[in-house]
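Peer 1: Before anything else, here's the structure in question.
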Amino acid sequence: MDEPEPAAVAPDAAPTGLGPDTQEFLKALGSPTRQRIMMLFSQGAEMSVGEVAERTGISQATASQQLTLLRRGRIVTSRREGKTVYYRADRDGAVAALAELQSYLMTCC
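Numbering of the sequence shown is given in numbering that gives the first Met the number 0, commencing with residue 0 and proceeding in unit increments.
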């Protein structure tokens, strides 16, 4: 029995690339400092900018900038209580970005 021939793939049918959320996720992972900060939030920990700065040995301004990039990348999420902003891991955001990345890699590679 003859095998059916594979369907031709139109050049424009190639993956269009990763979505902006997943691109931000990958950017957020690109820094050793942000990777250290991410590990602070394991096991459901929640911390303020000041606590993150103290535990990582960076200034509050730097911690705030890094947390902003992590939030854009959907690695952390935040909530405000009075004047203090608390950060924690955004497991759903990370899982969604990883699922898109896996799908993309399975398609392209």
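Using N, Cα and C, we set each Cβ at its ideal position, and we do this for glycine too.
Bear in mind the structure is a predicted one, so any value in this text is a computation, not a measurement.
The ligand HEM heavy atoms versus the CB of A98: any closer than 6 Å?
Peer 2: This structure lacks the ligand HEM, and indeed carries no ligand of any kind.
Peer 1: Candidates G81, V48, G56, K82: which alpha carbon is nearest L69's?
Peer 2: The option with the nearest alpha carbon to L69 is V48.
Peer 1: Counting along the chain, where does the beta strand (DSSP E) carrying A44 start and finish?
Peer 2: No beta strand (DSSP E) contains A44, which DSSP labels as neither H nor E.
Peer 1: Provide the residue span of the beta strand (DSSP E) that contains S77, from first to last.
Peer 2: First-last of the beta strand (DSSP E) with S77: 75 to 80.
Peer 1: How far does the alpha helix (DSSP H) with T15 in it extend, from its first residue to its last?
Peer 2: Taken as a continuous stretch (DSSP letters only), T15 belongs to no alpha helix (DSSP H), as it is neither H nor E.
Peer 1: Between the Cα of R33 and the Cα atoms of S77, L100, T55, which residue gives the shortest distance?
Peer 2: When only C-alpha atoms are compared, the closest one is T55.
Peer 1: Helix, strand or coil: which one does DSSP assign to E2?
Peer 2: Residue placement at E2 is flagged as unreliable, the pLDDT there being 48, under the threshold of 50; a coordinate-derived value is accordingly withheld.
Peer 1: Taking 7 Å as the threshold (C-beta atoms), are L66 and Y85 in contact?
Peer 2: Taking 7 Å as the Cβ cut-off, Y85 and L66 do not qualify as a contacting pair.
Peer 1: Under DSSP, the alpha helix (DSSP H) around S102 begins and ends at which residues?
Peer 2: Its alpha helix (DSSP H) spans residues 90 to 107.
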